[in-house]
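Step one of this worksheet: look at the structure below.
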Amino acid sequence: MNFELQPLNFPSDNKRPFVIAGPCSAETEEQVMTTAHQLAEKGCHMFRGGVWKPRTKPGGFEGQGEKALPWMARVKQETGMLTATEVATPHHVELALKYGIDILWVGARTSANPFAVQELADSLRGVDVPVLVKNPVSPDLELWIGALQRIHAAGIRRLGAIHRGFSSVDQKLYRNTPLWHIPIELHRRIPNLPVVCDPSHIGGRRDLIAPLCQQAMDMGFDGLIVESHCNPDEAWSDAKQQVTPDVLDFIIDRLVVRDNVEMTESLASMRKQIDDMDDHLMDLLTKRMRVSREIAIYKKEHNMGVVQTARYSEILDKRGAQGSMCGMSASFVRRVYEAIHEESVRQQMEIINK
Ligand code: PEP
Ligand code: MN
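Every position in the sequence shown, counted from 1, becomes a number in this note's numbering once 24 is added.
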């Protein structure tokens, strides 16, 4: 697919990926200014701050709204950093532009809604401002591309995508599962579209920021957007995932940026896919063992033996046949199930003999 685009030309140091940093939310003028000055001292060129916050439930901190926009303008004036904020309605666009915000982004909850995106796109017609579109919360590449197309069709040429991971019902390591193959496929489909990684919303945890930034570099992302707060523990939103400007500087400084990394189905990215799938496998195995322990309680209450031979044979035969239909050897699949069954029996015995 061909998108007619102009380069974002975001400032960065010596051909390193650009970094947009700043708090999840602009909370107070003091918090904004303190964080901004600390970031600027570390050489950061672009400042993010959420002015309108989409909250899952009402009653949480929903952002300061227009009141915070003069603080953002002050950041730009005093530090020279470009400023960025999330817009979700035409009114947000109007106000952000009025106060001179340099970069707009569309949040994950908004990009999931074509009506909202179309309204945003209409309000951007005739405006020359860079717009970054976050992936929708659900792992739906077409919906993400659709949102990008709507903004592009309104005439926005400095356009980029932000990968912030995807919601998943399972318990997992990440707040939002990365599913790296989706941004990689986006890049394959629209090769000239810059893709930015948001390790803060993927990880949801401070200790995951550094490894996620490095993974993004290894996969050839164009830039990073990272949440940074002068006092992360006291942040009014997303406290667990924010780092101080000092820590962020430490992380960025140690990133290994390789030459000529192209975001393609390279070995590294395919390994990431394998890692994702292994995470899923481990999740599923954990759940399977939990159900198996529940069965042990039932068997104990009904005075049944642990191993029900007929049921065991049925599983081995059924999965063996299914495996060979899926291109695996039936004996391999049987061996896998024998091992799973062995562990399952061990866990059930523990419960029954308690
Ligand atoms: C944010 O950037 O603070 C935010 C709300 O992100 P997302 O839309 O990715 O959840
Ligand atoms: Mn946030």
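We treat Cβ as the ideally placed atom computed from N, Cα and C, and that holds for glycine.
Quantities reported herein were computed from a predicted structural model and do not represent experimental measurements.
- For Lys158, the beta-bridge partners assigned by DSSP are Ile186.
- Glu51 has its Cβ no nearer than 7 Å to any heavy atom of ligand 2.
- Pairing Trp204 with Arg40, the inter-Cα distance amounts to about 21 Å.
- The Cβ atoms of Ile125 and Ala108 lie closer than 8 Å to each other.
- Between Val99 and Ile276, the C-beta gap is not smaller than 8 Å, which leaves the two residues out of contact.
- Taking all protein chains shown into account, Gly83 has fewer than 16 neighbouring C-beta atoms within 10 Å of its C-beta and is therefore exposed.
- Here Asp37 is near Gly67, since their CB atoms are less than 8 Å apart.
- Within the chosen limit of 7 Å, ligand 1 does not reach the beta carbon of Asp164 with any heavy atom.
- Counted as a single uninterrupted DSSP element, the beta strand (DSSP E) harbouring Trp129 occupies residues 127-130.
- With the rule of 3 Cβ pairs closer than 8 Å, the region 50-60 does not count as touching the region 282-301.
- Excluding the 5 residues flanking it on each side, Gln142 has same chain C-beta neighbours closer than 8 Å at Arg174, in chain order.
- Residue selection by CB proximity (closer than 5 Å to any heavy atom of ligand 1) returns Cys48, Gly74, Gly131, Ala132, Lys158, Arg188, His225 in chain order.
- Contiguous beta strand (DSSP E) elements confined to the region 40-108 occur at 42-46, 70-72, taking only those with 3 or more residues.
- The three-state reading of DSSP puts Glu28 in coil, since its state is none of H, G, I, E or B.
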